[in-house]
Amino acid sequence: MLSHEELVARKKARIHETHRLVPERTALLIIDMQRSFMDPKASLCVPQGWDILPTIQKMANFCRSVNIPVIYTAYVVRPEIPCLRVDPFGPEHVRAEPGEPTGWGMPSSNSIIGMTGPEDPAIIDELKPQPGELVVEGYTLDKFYGTPLDLALRSRDIRYLIFSGMMADLCLGTTLFSAAMRDYRVTALRDAITTIWPPILDAMFDIFERKVARMMTSDDTIDEIKEQLAR
Amino acid sequence: MPTFEELAEQKQERIHAALRPVVGQTALLVVDMQRSFMDPKASLSVPTSWEILPVVKQMVAFCRSIHLPVIFTEFVASPQVQHLCIDPFGPECLTPEPGQPTGWGLPSGNSHLGMMGPECPDTIEELKPYPDELVVRSFNYDKFHETQLDFILRGWGVQYLIFTGMMADICLGDTLKSAFARNYRITAVTDAITTIWPDILIAMFDIWRRKYARLVTSQEVIAELQAQMI
Numbered sequence: 099m100l101s102h103e104e105l106v107a108r109k110k111a112r113i114h115e116t117h118r119l120v121p122e123r124t125a126l127l128i129i130d131m132q133r134s135f136m137d138p139k140a141s142l143c144v145p146q147g148w149d150i151l152p153t154i155q156k157m158a159n160f161c162r163s164v165n166i167p168v169i170y171t172a173y174v175v176r177p178e179i180p181c182l183r184v185d186p187f188g189p190e191h192v193r194a195e196p197g198e199p200t201g202w203g204m205p206s207s208n209s210i211i212g213m214t215g216p217e218d219p220a221i222i223d224e225l226k227p228q229p230g231e232l233v234v235e236g237y238t239l240d241k242f243y244g245t246p247l248d249l250a251l252r253s254r255d256i257r258y259l260i261f262s263g264m265m266a267d268l269c270l271g272t273t274l275f276s277a278a279m280r281d282y283r284v285t286a287l288r289d290a291i292t293t294i295w296p297p298i299l300d301a302m303f304d305i306f307e308r309k310v311a312r313m314m315t316s317d318d319t320i321d322e323i324k325e326q327l328a329r
Numbered sequence: 252m253p254t255f256e257e258l259a260e261q262k263q264e265r266i267h268a269a270l271r272p273v274v275g276q277t278a279l280l281v282v283d284m285q286r287s288f289m290d291p292k293a294s295l296s297v298p299t300s301w302e303i304l305p306v307v308k309q310m311v312a313f314c315r316s317i318h319l320p321v322i323f324t325e326f327v328a329s330p331q332v333q334h335l336c337i338d339p340f341g342p343e344c345l346t347p348e349p350g351q352p353t354g355w356g357l358p359s360g361n362s363h364l365g366m367m368g369p370e371c372p373d374t375i376e377e378l379k380p381y382p383d384e385l386v387v388r389s390f391n392y393d394k395f396h397e398t399q400l401d402f403i404l405r406g407w408g409v410q411y412l413i414f415t416g417m418m419a420d421i422c423l424g425d426t427l428k429s430a431f432a433r434n435y436r437i438t439a440v441t442d443a444i445t446t447i448w449p450d451i452l453i454a455m456f457d458i459w460r461r462k463y464a465r466l467v468t469s470q471e472v473i474a475e476l477q478a479q480m481i
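Protein chains in written order, with my numbering: chain Z, 99 to 329; chain X, 252 to 481.
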């Protein structure tokens, strides 16, 4: 009989084998790297977004160089779609009252379509989508729900997804689970995914690794793609 | 200017006010309390489930007594349905080889449709659904994904869901986030939800409280529903 540790190692090896990227059937997903979540003046600023930015830039540039599609998601808000994500769970997304203070916990017009300045939901300039790259906008955390993301991936025959961006426990985590439920083979980049709280990030990586994704570093992923292309 | 703590408290108050279940528009969900995950001999046995069982039973009995619909979900597997939840992430759900050992990490037929004994995917005897209660079976963690659950809830006019069962980080958590995407107002019953690892349970509760659900104990939710019956 194999020991528990041997069984765990065997499962990990099997996950690695089933998830090894096939470059022509792979896309890079960049989740919610938006000005409204990264600008230091945004009401929902996630400072850790800046820590992973260089790694995501590196991944995006590498994927472009080998013709792997780069797909962005963006969380957006419209006052005409007053879902629970806005009230009560995201008061910052409620339209700011003229003359009233704004910021965390207060109506600040965060991510409302058409906003300019720190609350603008556009992808940050440092990761600006290139012409021909898809940006999938969603009104809820899960970027598969009510969006053309699944159709966009199917119509390009994509089965393997590389996940990067934030936040691990909200938009990224929910979208990653939904990708797994649609049987996409998910590789999650340890050094290109973040959230505000380190223990929550650890918990999410632990959950992903057990049941929905292969955990990899960006460098190992790049090496694997190069190896696969050289074959 | 209000302090951060005041703003956080304000937000929690608003969450409770907006999500508190309304009798007549509420259903109780019992997620994956199945023999194949609870029998001590099952390859995927979750021993912590026995700790929440009395509370889940109490919630079920109470909801039946005030005619709130009770819905059960079950994760099922079949050799005809090959997907990543089974290989590589759930080897226990693969068909066992005759004569080979079974158990955690090994092909064991866990949750196979038609399986008898410890790997049987039926809801545990102790929570046996009534004949007129809905059981939603799925090959997936997410019990909304490509099932009739959303359609049925809409037909009943349900807008509020009370979540009980397991596991907080997998089937229950994934179903909860899909309920949220569909704009259901979610109450998560803290003493009726579990997973194997206490730190992961704490992390899930923290995430839900911030962005997905209101968290209350079974006693609180029973009291607030009872208050509406008077």
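Yeah, the Cβ is synthetic: ideal placement off N, Cα and C, and Gly gets one too.
Residues of chain X with a Cβ closer than 8 Å to the Cβ of Z:P199 are, in chain order, M252.
With fewer than three CB-CB distances shorter than 8 Å, the stretch 404-419 of chain X does not count as touching the stretch 253-264 of chain Z. For Z:T272, the enclosing alpha helix (DSSP H) starts and ends at C269 to M279.
Proximity of X:K428 to chain Z, defined by a Cβ-Cβ separation below 8 Å, is satisfied.
In this structure, Z:R280 places its C-beta atom within 8 Å of the C-beta atom of Z:F242.
Interface criterion not met: the Cβ of Z:P196 is under 8 Å from no Cβ in chain X.
For X:G416, the pairing in a beta bridge is given by DSSP as X:V282 and X:I444.
Partner residues in the beta bridge of Z:M313, as assigned by DSSP, are Z:A286. In this structure, X:D450 sits near Z:A301, with a CB-CB distance shorter than 8 Å. As computed with DSSP, X:L466 is found in a beta bridge with X:A439. If you compare the alpha carbons of X:A259, X:T299 and X:M252 with that of X:R460, the shortest gap goes to X:A259. In this structure, Z:R112 lies near X:P339, with their beta-carbon atoms less than 8 Å apart. Following the DSSP letters along the chain, one finds Z:V168 inside the beta strand (DSSP E) bounded by residues V168 to Y173. Near chain Z, meaning a CB-to-CB distance below 7 Å, no residue of the stretch 282-300 of chain X qualifies. When beta bridges are read from the DSSP output, X:H334 appears opposite no residue. DSSP lists Z:A172 as the bridge partner or partners of Z:E235. Excluding its 5 nearest sequence neighbours in each direction, Z:L249 has no C-beta neighbour in its own chain below 7 Å.
The stretch 178-186 of chain Z makes no contact with the stretch 127-145 of chain Z: fewer than 3 CB pairs, one atom from each, lie closer than 8 Å. Partner residues in the beta bridge of Z:Q132, as assigned by DSSP, are Z:I221. Residues of the stretch 310-322 of chain Z with a Cβ closer than 8 Å to any Cβ of chain X, in chain order: V310. Proximity of the stretch 269-285 of chain X to the stretch 315-327 of chain X meets the contact definition, three or more beta-carbon pairs being nearer than 8 Å. Taking the Cα positions, Z:T153 is about 6 Å away from Z:A290.
Assignment of X:H318 by DSSP, reduced to helix, strand and coil, places it in the coil class. Contact between the stretch 223-240 of chain Z and the stretch 203-210 of chain Z is not established, with fewer than three Cβ pairs separated by less than 8 Å. Excluding sequence positions up to five before and after X:E377, its CB lies within less than 7 Å of the CB of L304 and K308, all in the same chain and listed in chain order. Between X:P339 and chain Z, the shortest Cβ-Cβ separation is below 8 Å.
Taking a C-beta distance under 8 Å as the contact criterion, Z:Q326 and Z:L119 qualify as a contact pair. CA-CA distance, Z:Y173 to Z:V184, rounds to 11 Å. In the structure shown, X:T426 falls within a helical segment according to DSSP collapsed to helix, strand and coil. Between Z:F187 and X:R436, the alpha-carbon positions lie close to 11 Å from each other. Z:Q228 is classed as exposed because its beta carbon has fewer than 16 other beta carbons within 10 Å across all chains shown. Selection Z:I169, Z:G271 and Z:K139 evaluated against Z:T214 yields Z:K139 as nearest (Cα-Cα). Apart from sequence neighbours up to five positions away, the residues of its chain that approach Z:T200 with a beta-carbon distance below 7 Å are S141, A194 and S206, ordered along the chain.
Taking a cut-off of 8 Å for Cβ pairs, the stretch 422-440 of chain X and the stretch 463-470 of chain X touch, as three or more such pairs fall below it. Leaving aside the five residues that flank Z:M136 on each side, the residues in its chain whose CB is nearer than 6 Å to its CB run, in chain order, G147 and I222. Scanning chain X for C-beta atoms nearer than 8 Å to the C-beta of Z:L105 yields W355, G356 and L357, reported in chain order.
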